[in-house]
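**Student:**
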Amino acid sequence: MQVDAAEFENLKREFLRQMPGFKSFADAGAVYVEAERRSKDELVALVRVALLPRLMAPAATPAQAREVCAALYQAMQREALPSSGRPQNLVGWRSWEHLTKLTDEQCLLAASALRDLLLGEGDAAERLERFANAYQAVLPTGGGRPAVLRNVGTLLLMLVDPGRDIFVRTDLFDKAGARLSGRKLGGWGRLPSAADYRDARAFAAAIRQKLAEEGWAPRDMIDVQSFLWVAMAGDDAPAALDAGPPVPAGGGLVAILAATDAASRRLVVRIRPPAEGIGGWLAGSDLRLDVAPAMDLAASATQRDLAAALADANPDEGFAQEIAAGLWLVRALQPGDVVVAGEPSGEVLAAGVVTEPYQRLPAPEVGHRVGIAWHTGGFPRRVEQRSWSFKDIHEVPRELLVQLAMEQSRSETLPELPFAEIVDRVRASGLRLSERTLRRYHVALKARGFVILAGVSGTGKTWLTDVYAKAVGARYLVVPVAPNWTTNEDLLGYFNPLDRAFHATAFTRFLQEAGQEYAAAQAARRPARPFHLVLDEMNLARVEYFFATFLSAMELRARNGQAEVELAGGRRVALPPNLAFIGTVNVDETTHAFADKIYDRAQMLELDSPRELLAAQLDGKPFAAAVLDVWDVVAEVAPFAFRVLSEIDQYVAHSQALGVAWQDALDEQVLQKVLPKIKGNDARVGDALQRLVDLCAPTMPLSATRARQMHHRFLAHGFTSFF
Numbered sequence: 001m002q003v004d005a006a007e008f009e010n011l012k013r014e015f016l017r018q019m020p021g022f023k024s025f026a027d028a029g030a031v032y033v034e035a036e037r038r039s040k041d042e043l044v045a046l047v048r049v050a051l052l053p054r055l056m057a058p059a060a061t062p063a064q065a066r067e068v069c070a071a072l073y074q075a076m077q078r079e080a081l082p083s084s085g086r087p088q089n090l091v092g093w094r095s096w097e098h099l100t101k102l103t104d105e106q107c108l109l110a111a112s113a114l115r116d117l118l119l120g121e122g123d124a125a126e127r128l129e130r131f132a133n134a135y136q137a138v139l140p141t142g143g144g145r146p147a148v149l150r151n152v153g154t155l156l157l158m159l160v161d162p163g164r165d166i167f168v169r170t171d172l173f174d175k176a177g178a179r180l181s182g183r184k185l186g187g188w189g190r191l192p193s194a195a196d197y198r199d200a201r202a203f204a205a206a207i208r209q210k211l212a213e214e215g216w217a218p219r220d221m222i223d224v225q226s227f228l229w230v231a232m233a234g235d236d237a238p239a240a241l242d243a244g245p246p247v248p249a250g251g252g253l254v255a256i257l258a259a260t261d262a263a264s265r266r267l268v269v270r271i272r273p274p275a276e277g278i279g280g281w282l283a284g285s286d287l288r289l290d291v292a293p294a295m296d297l298a299a300s301a302t303q304r305d306l307a308a309a310l311a312d313a314n315p316d317e318g319f320a321q322e323i324a325a326g327l328w329l330v331r332a333l334q335p336g337d338v339v340v341a342g343e344p345s346g347e348v349l350a351a352g353v354v355t356e357p358y359q360r361l362p363a364p365e366v367g368h369r370v371g372i373a374w375h376t377g378g379f380p381r382r383v384e385q386r387s388w389s390f391k392d393i394h395e396v397p398r399e400l401l402v403q404l405a406m407e408q409s410r411s412e413t414l415p416e417l418p419f420a421e422i423v424d425r426v427r428a429s430g431l432r433l434s435e436r437t438l439r440r441y442h443v444a445l446k447a448r449g450f451v452i453l454a455g456v457s458g459t460g461k462t463w464l465t466d467v468y469a470k471a472v473g474a475r476y477l478v479v480p481v482a483p484n485w486t487t488n489e490d491l492l493g494y495f496n497p498l499d500r501a502f503h504a505t506a507f508t509r510f511l512q513e514a515g516q517e518y519a520a521a522q523a524a525r526r527p528a529r530p531f532h533l534v535l536d537e538m539n540l541a542r543v544e545y546f547f548a549t550f551l552s553a554m555e556l557r558a559r560n561g562q563a564e565v566e567l568a569g570g571r572r573v574a575l576p577p578n579l580a581f582i583g584t585v586n587v588d589e590t591t592h593a594f595a596d597k598i599y600d601r602a603q604m605l606e607l608d609s610p611r612e613l614l615a616a617q618l619d620g621k622p623f624a625a626a627v628l629d630v631w632d633v634v635a636e637v638a639p640f641a642f643r644v645l646s647e648i649d650q651y652v653a654h655s656q657a658l659g660v661a662w663q664d665a666l667d668e669q670v671l672q673k674v675l676p677k678i679k680g681n682d683a684r685v686g687d688a689l690q691r692l693v694d695l696c697a698p699t700m701p702l703s704a705t706r707a708r709q710m711h712h713r714f715l716a717h718g719f720t721s722f723f
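According to UniProt numbering, the sequence shown is numbered sequentially starting from 1.
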């Protein structure tokens with residue numbers, strides 16, 4: 001396939017503009033790694049570990065099929081990947097939501113289609129066509145089926161075999177194909193076909209070859225997809241003084257979103273707000289800058305002239321080039337362009353559309369002014385912009401506006417679900433939990449808004465908070481508690497007198513969003529969307545120290561419906577009724593006990609892992625009986641739960657793929673996952689170790705040998721541990 005050389009060069013330039021520090025994919029620089037590559041590599045690993053082992057054998061029962069669907073759903077709806085702290089953003093949540101609503105028959109069909117797609121006979125194009133024809137039966141009816149099948153099918157193909165297969169999105173490939181090959185690629189408005197995907201792969205292979213010829217050394221199709229995505233998303237950068245088409249009527253968010261269209265040629269600029277805040281900007285419907293206040297920016301014909309003038313006026317200032325670059329962007333702003341008032345940390349306070357171009361303020365005032373119609377609904381809000389600059393003024397990609405709009409759309413509130421449907425959605429996730437326990441959690445959140453989930457490690461405490469929040473449509477944030485937290489500032493943030501700025505935390509921003517949503521809901525006379533804030537491993541630090549402010553505030557909220565918490569620097573934040581706090585706690589030697597006032601203000605639920613639920617989790621596994629026998633022996637002194645079962649399952653599956661018998665893999669897992677938990681001087685520890693030796697001796701020699709050593713130490717010293 002021929003690639004237009006001139007257009008290819010244009011895309012290269014756009015890619016390099018957005019990826020500073022990039023030399024090749026082997027020496028890509030921090031921006032590319034953080035913004036594009038690392039999260040995709042993590043997603044590859046997640047799919048290979050969580051999904052592929054469950055597809056090695058056909059799903060024979062509805063329970064096994066639900067494990068497959070739950071694994072896929074959890075991987076793609078995961079709240080955060082380790083590197084970015086964000087969920088995957090390649091395919092939106094609507095493409096995966098159907099997995100929570102499938103019947104047993106549909107789960108079996110979906111699992112079979114997924115197995116054929118990723119492990120079936122024939123090349124990837126044939127498997128994609130078979131997948132599309134089979135999997136459409138489990139999707140809701142409507143015109144979106146082809147897009148979901150294309151997105152889901154091709155994304156999974158690329159994640160499993162990134163060396164050969166490419167993730168295809170209609171808008172990206174249509175535009176890229178038109179620019180680089182002069183034609184539309186495939187007929188993606190219909191169900192994906194083998195011919196369509198072969199066409200897309202041939203195009204991707206041609207791009208990969210061109211990148212290789214340029215010395216960029218793409219490692220796989222992930223690099224090709226990233227190149228096209230970044231280059232095409234930034235396509236058609238605006239000319240410096242191009243006014244562009246008329247601003248859409250209505251202003252506000254409508255006009256801001258108009259700038260996301262590359263054809264609009266709008267300039268999108270982020271400007272750091274003044275230390276005193278943006279109140280003056282909002283009141284004046286403008287932005288005013290006092291950088292080089294005596295200069296008239298319009299008097300300089302070029303950015304280089306402006307830099308020279310700045311250097312002459314301030315010979316001791318060493319940043320004339322950088323300041324000139326920012327001021328030149330301000331000079332270039334025209335009606336219809338967009339300004340984002342954002343802190344270097346990524347906190348956006350407002351966004352607005354330019355209504356009047358740059359002008360120097362008339363005497364006796366000094367400085368620079370641009371007229372702005374500000375939009376403040378749903379702000380402040382933090383954005384995860386990996387290419388965010390620490391300069392005071394710089395251009396940002398249009399995708400930032402899409403991200404802001406998507407965040408705002410999340411405030412839409414869904415009708416409250418019947419409890420029976422919540423139960424169905426939670427169970428579809430694969431979490432094993434009795435209906436009574438789920439009902440207690442459901443009611444506790446409504447009754448108090450502060451719930452503590454206790455239990456041994458691995459019982460599904462954090463998992464429950466996640467799947468329940470998804471089931472009811474709640475916004476959700478997990479804040480891991482650190483052992484060294486001693487004050488409210490660890491949770492709420494702090495005021496830095498050096499830069500005169502309040503440094504908020506994710507916790508604080510989440511509180512602000514909850515308050516804004518509640519206020520908007522009150523104004524619109526609709527129910528407010530729930531916000532669930534999870535303090536994970538809450539008792540690693542002393543709760544009465546770092547959470548003291550909230551304990552009192554929640555008491556006021558319980559009586560009055562609302563309360564406020566004071567932040568550093570004189571700021572305050574509301575605790576609205578739609579905000580719920582959930583703490584997860586483990587009770588062991590590494591944690592702190594709760595004071596009575598914690599119990600007084602919270603609903604306490606203990607999650608356990610009864611044998612029957614563990615058995616259901618292991619249903620159909622060849623090693624189920626052996627694992628349950630081990631559990632019976634150690635449950636009183638070192639109980640383990642669902643997390644350990646899941647890890648054992650994955651370990652055995654990976655071992656079998658290497659030709660290792662499940663009995664040997666299970667022996668290794670008892671040694672690595674169960675025995676390290678056994679310790680202490682309780683007489684029951686010695687009894688459990690002796691019984692474990694007897695149980696493991698015939699088929700698990702590694703575990704039997706280590707358990708025997710631990711038992712001998714117990715008999716000799718009255719205490720034992722794994723090490």
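Glycine included, C-beta positions come from ideal geometry on N, C-alpha and C. Being a predicted model, the structure only gives us computed values, none of them experimental.
1) For residue 42 and residue 34, I'd like the C-alpha separation in whole angstroms.
2) Can you grab the Cα-Cα spacing for the pair residue 336 / residue 39, in whole Å?
3) Please identify the residue among 67, 18, 395 and 676 whose C-alpha is closest to the C-alpha of residue 333.
4) I believe residue 581 touches residue 450 by the beta-carbon criterion, under 8 Å. Please report the beta-carbon distance rounded to the nearest angstrom.
5) Is the beta carbon of residue 531 closer than 8 Å to that of residue 475?
6) Do you know whose CA, among 331, 541 and 516, lies nearest residue 482's CA?
7) Taking the alpha-carbon positions, what's the residue 200 to residue 321 distance?
8) Alpha carbons only, please: which of 313, 522, 623 and 274 is nearest the one belonging to residue 577?
9) Distance, Cα to Cα, residue 344 vs residue 97?
10) Check residue 587 in the structure and name its three-state DSSP category.
11) When you compare only the Cα positions, how much space is there between residue 431 and residue 612?
12) Classify residue 143 as helix, strand or coil using the three-state DSSP reduction.
13) Would you call the segment 363-379 and the segment 278-292 in contact, with 3 or more CB pairs under 8 Å?
14) Determine the contact status of residue 224 and residue 198, defining contact as a CB-CB distance below 8 Å.
15) In the DSSP output, what is residue 327 paired with across the bridge?
16) From residue 351 to residue 325, what does the alpha carbon distance come to, in whole angstroms?
17) Measuring only the C-alpha atoms, how far is residue 559 from residue 553?
18) Can you give the beta carbon distance from residue 428 to residue 55, rounded, assuming they're within the 8 Å contact cut?
19) Would residue 713 and residue 693 qualify as a contact pair, given that the criterion is a beta-carbon distance under 8 Å?
20) Give the straight-line distance between the Cα atoms of residue 511 and residue 551, rounded to the nearest whole angstrom.
21) Give me, in chain order, the residues of the same chain whose beta-carbon lies closer than 8 Å to that of residue 329; leave out the 5 immediate sequence neighbours on both sides.
22) What does the Cβ neighbour count give for residue 168, buried or exposed, with the cut at 16 atoms within 10 Å?
23) Excluding the 5 residues flanking residue 290 on each side, which residues of the same chain have their C-beta closer than 6 Å to its C-beta?
24) Where does residue 407 fall in DSSP's three states?
25) Can you look up residue 720 in the DSSP assignment and give me helix, strand or coil?
26) Could you have a look at residue 121 and say whether DSSP puts it in helix, strand or coil?
27) Rounded to a whole number of angstroms, what is the C-alpha to C-alpha distance between residue 417 and residue 45?
28) Pick out the complete beta strand (DSSP E) segments inside the segment 433-461, 3 residues or longer, and give them in chain order.
29) Helix, strand or coil for residue 662 per DSSP?
30) From the DSSP output, in three-state form, read off residue 480 for me.
31) Spatial neighbours of residue 296 within its chain, please: CB distance less than 8 Å, with the 5 preceding and 5 following residues excluded, ordered by chain position.
32) Closest to residue 439 by CA distance: which of 424, 425, 452 and 419 is it?
33) Cutting at 6 Å between CB atoms, please list the residues of its own chain near residue 115, excluding the five before and the five after it.
34) Which class does residue 382 belong to by DSSP, given the choice of helix, strand or coil?
35) If distances are taken between C-alpha atoms only, which option among 120, 484, 471 and 109 comes closest to residue 52?
36) What residue from 599, 206 and 524 has the CA that sits closest to residue 555's CA?
**Tutor:** Well, looking at it:
1) 12 Å
2) 34 Å
3) Of the candidates 67, 18, 395 and 676, the residue whose Cα lies closest to the Cα of residue 333 is 395.
4) At roughly 5 Å, the Cβ-Cβ gap stays under 8 Å, so residue 581 and residue 450 are in contact.
5) yes
6) Comparing Cα positions, the closest option is 541.
7) 44 Å
8) 522
9) 35 Å
10) coil
11) Each residue's Cα considered, the two are about 14 Å apart.
12) Confidence at residue 143 is low in this model, with a pLDDT of 47, below 50, so its placement is unreliable and the value that follows should be read with caution. Residue 143: coil per DSSP, three-state reduction.
13) In this structure the segment 363-379 touches the segment 278-292; the number of beta carbon pairs closer than 8 Å is three or more.
14) no
15) None; residue 327 has no bridge partner.
16) 21 Å
17) 10 Å
18) Not a contact, Cβ separation roughly 18 Å.
19) no
20) 15 Å
21) 267, 269, 393, 394 and 395
22) buried
23) 367
24) Because residue 407 carries a pLDDT of 47, less than 50, the predicted location of this residue cannot be relied on, and the following value inherits that uncertainty. Residue 407 falls in the helix class under three-state DSSP.
25) strand
26) coil
27) 34 Å
28) 450-454
29) Helix.
30) Strand at residue 480.
31) Cβ within range, chain order: 360.
32) 419
33) 55
34) In the structure shown, residue 382 sits in a strand (DSSP, three-state: E or B).
35) 120
36) 599
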